[in-house]
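Colleague:
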Amino acid sequence: MNDVAEMTVEEREATLGGIGSARKRKEDARFIRGQGNYVDDVKLPGMVFGDFVRSPHAHARIKSIDTSAALKVPGVAAVVTAKDLEPLGLHWMPTLAGDVAAVLADKKVHFQNQEVAFVVGADRYAVSDGIQAVEVEYEALPVLVDPKKALDEGAPILREDVVDKDNVGQGPRRHPNHIFAWEVGDADATEEAFSKAAVTIKEDILYPRSHPSPMETCGCVASMDATNGVLTVYGTFQAPHVIRTVVALITGLAESKIRIISPDVGGGFGNKVGAYPGYICAAAASIVTGLPVKWIESRMDNLSTTAFARDYHMTGELAADENGRITAVRATVLADHGAFNTHAQPSKWPAGLFNIVTGSYDIPVGHVKVDGVYTNKAPGGVAYRCSFRVTEAAYLIERLIDVLAQKTGIDKAEIRFRNFVQPEQFPYQSSLGWEYDSGDYPAALKKALAAVDYEGLRKEQAEKAAKGELMGIGICTFTEIVGAGPTRNCDIVGLGMFDSCEIRVHPTGSAIVRLGVKSQGQGHETTFAQIVATEIGLPSDDIVVEEGDTDTAPYGLGTYGSRSTPVAGAAAAVAARKIKAKAQKIAAHLLEVGEDDLEWEVDRFKVKGLPEKAATMKEIAMAAYSNIPEGMEHGLETTSYYDPPNFTYPFGSYICVVDIDRFTGEIKVRRFYALDDCGTRINPMVIEGQVHGGLTEAFAIAMGQELVFDEMGNILGASFQDYFIPSAVETPEWETDYTVTPCPHHPIGAKGIGESPNVGGVPALSNAVVDAFAQHGVTHMPMPHTTWRVWQTIEEHGLNK
Amino acid sequence: MAKIPVKMTVNGNAVEELVEPRMLLIHFLREQLNLTGPHIGCETSHCGACTVDLDGRSVKSCTVFACQADGGEVLTIEGFKGDDGGLHPLQEGFMQEHGLQCGFCTPGMITRAHRLLQENPNPSDAEIREGLSGNLCRCTGYQNIVKAVRYAAERMNAQQEAAE
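If you're matching them up, the sequences are chains L and D in order. In case it helps, our numbering puts the first sequence at residues 1 to 801. In case it helps, our numbering puts the second sequence at residues 802 to 965.
If you want it as structure tokens, here you go:
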């Protein structure tokens, strides 16, 4: 009946290349040949270029803009300013957080490199000449750089446009530079626990401002077709469908006349979630000129204007009994959001999912308070390879538990065992409001400790310490919260955070699968085909996965916050099961038995008790278009919109060993062992690759990444000369390992992996550095742990004598 | 701005074009010749996404003028192929060892690795890391890139031996 009839069940299963297979990636074929299609590769007939005149000041009034000389530059077609966009209502745009952000500076600039005018011209060189020729007169204003001074009485008022508003989208505010105050937990009960505690610790911990800086910067090509009124925008969008809706809301165009296409995206890491002035200006310029307009961000623009991350000034406190058992956690946070509140979080969560700050520990009570403020810095507050402020929360609790260990004299592994949520407590209700789905934290840490010979390392450390040498062992036992999210509490601009998958099975037994998310390197074309292959028994090699074109893909909320596998991956499994349910009816018809007489085996329905009587999915596919039961509609296709019942909670146990040169302050990561539990593993090769990449980004953040400003608000070092991107030379070797605790509510038990190594990696590295100095009474050292800073700590304690 | 003629060989093909003297090689390749394999990642010669081979040396084509390549021989990712016309061992290595994710750095990475293996056909892991230190990647953590280059080195050395 078919060519696999001779194969064993196991061989047939292997042929599918389904869940668990380390199959090679489908997308590689074009990338290794240089045939990827990234946005800057898009070239349309008649296309012109656009780029920005940017402000040299961090805070200034615009007295005048003279475009006359620029318009005389050969090749320059137009210079657009806020005044030109105002009649279209496009000079300001709404942000995902309920605030507004300037598209082009309107009377004032609020941060250095802010977009002031958009020059359109024949090519990049003409545009560059035009930018030089635009004359802008500024009147400098006092600059607010330090968020701790933002709410002072005499602080410069930044946002004159909202000065009279007592709410800028996320609740009441108490000062013109205040954005929101967010509180969760029980303040009184927490205070009581602290007052009764045998031990308390408190630490000021800054998670500095960093930037996701994917290798490809942001950009777009906008093209308005005057003949049919359709606006097509190719761009670096992690969430193309949301962008389409936002463009419809901003421009008033019918959403059906907007087509958003995310072609190949060269990494995102949160940088490409938001809507930026470049997109709006390119679209407006195309609408006005009738020509396709390309805008591609430079690296300096990328680092200095679009989507910074973190900038959380945290004070963390733990209360504990004499055995190191934590009785309460308290976190007070000042969040620097820059000039406009353009952070990308689900609407109801002004501090994202920061209340996951209880981490992997069973902490009976807690309280969190976060205040967001404006400063004269670029707007943002995106999640850099993390799920909505989870990185900040994980960093805080994993640093705090180390501080507690040092204060109580309990070993840093032991104190974690004493506080873990136990396997039998799942589903676990945290005191700050989350229901953790599943986990086995003690097993993971035990495995990790054994893998690195933890006792041996501690012995070695003591021996080295006796000789004055610096060796540190960092442990991080993190829990994430990803897969946003249940529509009951997660939305973006009111859109529920479901995701979607459409499957069409063709007559000859191959399929196309389209999803509402968008890969930026995660390998969706490979892994989502594996999910569908296992579910419906067709080889993954014959399943094409498509994403990113809003005209063809079903509506979805996009890829960030490790939501692709937890949400769209679930939609793929559910859609596949709908296909399978119809296939079963067709099989019953073909085999002339009742549906209940059939059982599924790898790639076919078999008649129970008559194993030779079977219909393969391939045969069923053909029948769906040729021989169906009476009353059934033809075809074999379906769409699923999946609303996750809960978040997923991946976790891990990381151990890092560092050796520090006590004369130079140089840190060498001797060993880094990462055990991850992401539930069901879809493609081990892809998982390992994601862990390597996430750990390398964690290494970058912990050891060097920081966007620094001087007192005038000048950004210092917005290029790869100064902003640390580790090369192959600095990057350590990574060891990976895993346990599998399936997610109980996900159709295939998967939890997501992409961000775990960043969330867990940063504290592991930081804890290792601080641990090297723990014997000298050091409880915290500010990130990033640059050689200079580490040397200062050495010097301060006289360890280089 | 007045244009000047340039002549060069790109991936084995003779090319004659007019360019502005200030036109960068990367823009010439990508926009005038439609060779969009090499990418622009930083414009300051740090990231290496624009790496091409010029007269037997790796160059960051974002900081080389097209006219500097006049009379030269340029190799971009589009010019890579195996002896049998299929994949080059480096392309194969990157795929087999999962040496890429988003793919944006890959053309520059492969082009640079090619020159490295010409200079040192049998590099140690440390030499591979050093040799690729001008090419940044944000997705892979480099570990599998090192493996990919090693894979290619072994393959190319075996081919070399078989030919001798």
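Using N, Cα and C, we set each Cβ at its ideal position, and we do this for glycine too. Computed from a predicted model, the values in this text were never measured in an experiment.
#1: Contact criterion: CB-CB distance below 8 Å. Does D:N945 meet it with respect to chain C?
#2: Are there 16 or more other CB atoms within 10 angstroms of the CB of L:A254, so buried, or fewer, so exposed?
#3: Sort L:I655, L:A328, L:N323 by Cα distance to L:E317 and report the nearest one.
#4: Quick check on the DSSP output: what are the complete beta strand (DSSP E) runs of length 3 or more inside the stretch 216 to 271 of chain L, in order along the chain?
#5: What do you reckon, are the CB atoms on L:E480 and L:E137 nearer than 8 Å?
#6: D:F881 to L:G235, Cα distance in whole Å?
#7: Is the stretch 678 to 691 of chain L close to the stretch 805 to 815 of chain D, with three or more CB pairs under 8 Å?
#8: Quick check on the DSSP output: what are the complete beta strand (DSSP E) runs of length 3 or more inside the stretch 637 to 673 of chain L, in order along the chain?
#9: Going by DSSP, what residue range makes up the alpha helix (DSSP H) through L:R159?
#10: Should L:L707 be flagged as near chain D, meaning a C-beta pair shorter than 8 Å?
#11: Between which two residues does the alpha helix (DSSP H) containing L:D66 stretch?
#12: Return the chain-ordered list of same chain residues with a C-beta closer than 8 Å to the C-beta of L:V657, the five sequence neighbours on each side being excluded.
#13: Whole angstroms is fine: what's the gap from L:A285's alpha carbon to L:L231's?
#14: Report the three-state DSSP secondary structure of D:L933 (helix, strand or coil).
#15: What residues in its chain sit with their C-beta under 6 Å from that of L:S223, if we drop five residues either side in the sequence?
#16: Less than 8 Å between the C-beta atoms of L:V770 and L:M783, yes or no?
#17: Assign L:N228 to buried or exposed, taking buried as 16 or more other Cβ atoms, counted over all protein chains shown, within 10 Å of its Cβ.
#18: When we look at the beta-carbon of L:T552 and count the other beta-carbons within 10 Å, is it buried (16 or more) or exposed?
#19: Please list, in chain order, the chain D residues whose beta carbon lies closer than 9 Å to that of L:G36.
#20: Just checking, does the stretch 707 to 718 of chain L make contact with the stretch 132 to 149 of chain L on the three C-beta pairs under 8 Å criterion?
#21: Do you know how far the Cα of L:D264 is from the Cα of D:T941?
#22: At 9 Å on the CB atoms, spell out the chain L contacts of D:F895, in chain order.
#23: When you compare only the Cα positions, how much space is there between L:V4 and L:V729?
#24: Which value, in whole angstroms, describes the spacing of the CA atoms of L:I655 and L:A450?
#25: Where do the N-terminal and C-terminal ends of the beta strand (DSSP E) with L:A614 fall, by residue?
#26: Report all residues from its chain with a CB closer than 6 Å to the CB of L:N627; omit the five preceding and five following residues, and keep chain order.
#27: May I ask you to list the residues that DSSP assigns as paired with L:T190?
#28: In three-state DSSP terms, what is L:L836?
#29: Using a beta-carbon distance cut-off of less than 7 Å, what residues from the stretch 654 to 683 of chain L approach chain D?
#30: In terms of residue numbering, what span does the alpha helix (DSSP H) encompassing L:A450 cover?
#31: Is there a Cβ of chain L sitting closer than 8 Å to that of D:R858, yes or no?
#32: For the stretch 883 to 900 of chain D against the stretch 6 to 21 of chain L, do three or more pairs of beta-carbon atoms, one drawn from each stretch, fall closer than 8 Å, so that the two count as touching?
#33: Quick check on L:Q705: buried or exposed, where buried means 16 or more other Cβ atoms within 10 Å of its Cβ?
#34: One question on the structure: do L:V103 and L:L90 come within less than 8 Å of each other, judged by their Cβ atoms?
#35: Cβ atoms of L:A588 and L:I620: under 8 Å apart, would you say?
#36: On the three-pair Cβ rule with 8 Å, is the stretch 77 to 91 of chain L touching the stretch 364 to 381 of chain L?
Modeller: Straight from the coordinates:
#1: Absence of chain C from the displayed structure is noted, the protein chains being L and D.
#2: Classification for L:A254: exposed.
#3: The shortest C-alpha separation from L:E317 is found at L:A328.
#4: Segments of the beta strand (DSSP E) lying fully in the stretch 216 to 271 of chain L: 219 to 225, 230 to 235, 258 to 261.
#5: No, the Cβ-Cβ distance between L:E480 and L:E137 is not below 8 Å.
#6: Each residue's Cα considered, the two are about 28 Å apart.
#7: Between the stretch 678 to 691 of chain L and the stretch 805 to 815 of chain D there are fewer than three inter-stretch CB-CB distances shorter than 8 Å, so the stretches are not counted as touching.
#8: 637 to 642, 651 to 660, all fully within the stretch 637 to 673 of chain L.
#9: L:R159 -> no alpha helix (DSSP H), and no H or E assigned at all.
#10: False, the Cβ-Cβ gap to chain D never drops below 8 Å.
#11: No alpha helix (DSSP H) holds L:D66; the beta strand (DSSP E) holding it covers 60 to 66.
#12: Counting only Cβ-Cβ distances below 8 Å, and skipping sequence neighbours, we find V452, L457, M471, G472, I473, G474, V669, R670, R671, F672, A768.
#13: Between L:A285 and L:L231, the alpha-carbon positions lie close to 12 Å from each other.
#14: The answer is coil: DSSP assigns D:L933 none of H, G, I, E or B.
#15: Leaving aside the five residues that flank L:S223 on each side, the residues in its chain whose CB is nearer than 6 Å to its CB run, in chain order, L44, T232, S286, P292.
#16: The Cβ atoms of L:V770 and L:M783 do not sit closer than 8 Å to each other.
#17: Label assigned to L:N228: exposed.
#18: Per the 10 Å Cβ criterion, exposed.
#19: T837, G838, H840, C903, G904, F905, T907, P908, listed in chain order.
#20: Yes, since at least three Cβ pairs between the stretch 707 to 718 of chain L and the stretch 132 to 149 of chain L fall closer than 8 Å, the two stretches touch.
#21: Straight-line Cα distance between these residues: approximately 17 Å.
#22: Chain L residues near D:F895: D28, F31, I32.
#23: Caution is warranted here: a pLDDT of 45 is assigned to L:V4, below 50, making its placement in the model unreliable, and the coordinate value is therefore given only provisionally. Rounded to whole angstroms, L:V4 to L:V729 spans 48 Å at the Cα level.
#24: Rounded to whole angstroms, L:I655 to L:A450 spans 11 Å at the Cα level.
#25: Segment 610 to 616, the beta strand (DSSP E) holding L:A614.
#26: Cβ within range, chain order: n/a, list empty.
#27: Paired residue(s): none; L:T190 is not in a bridge.
#28: Shown here, chain L extends from 1 to 801; a query on residue 836 of chain L therefore has no answer.
#29: Of all residues in the stretch 654 to 683 of chain L, none places a beta-carbon less than 7 Å from a beta-carbon of chain D.
#30: It spans 441 to 452 - the alpha helix (DSSP H) in which L:A450 sits, taken as one unbroken run.
#31: Look at D:R858: its C-beta is not under 8 Å from any C-beta on chain L.
#32: Touching, no, given that fewer than three Cβ pairs across the two stretches are closer than 8 Å.
#33: By the neighbour-count rule (16 or more Cβ atoms within 10 Å), L:Q705 is buried.
#34: Annotated as proximal: L:V103 and L:L90, with beta-carbon spacing under 8 Å.
#35: When the beta-carbon positions are compared, L:I620 and L:A588 stay at least 8 Å from each other.
#36: No, the stretch 77 to 91 of chain L does not touch the stretch 364 to 381 of chain L.
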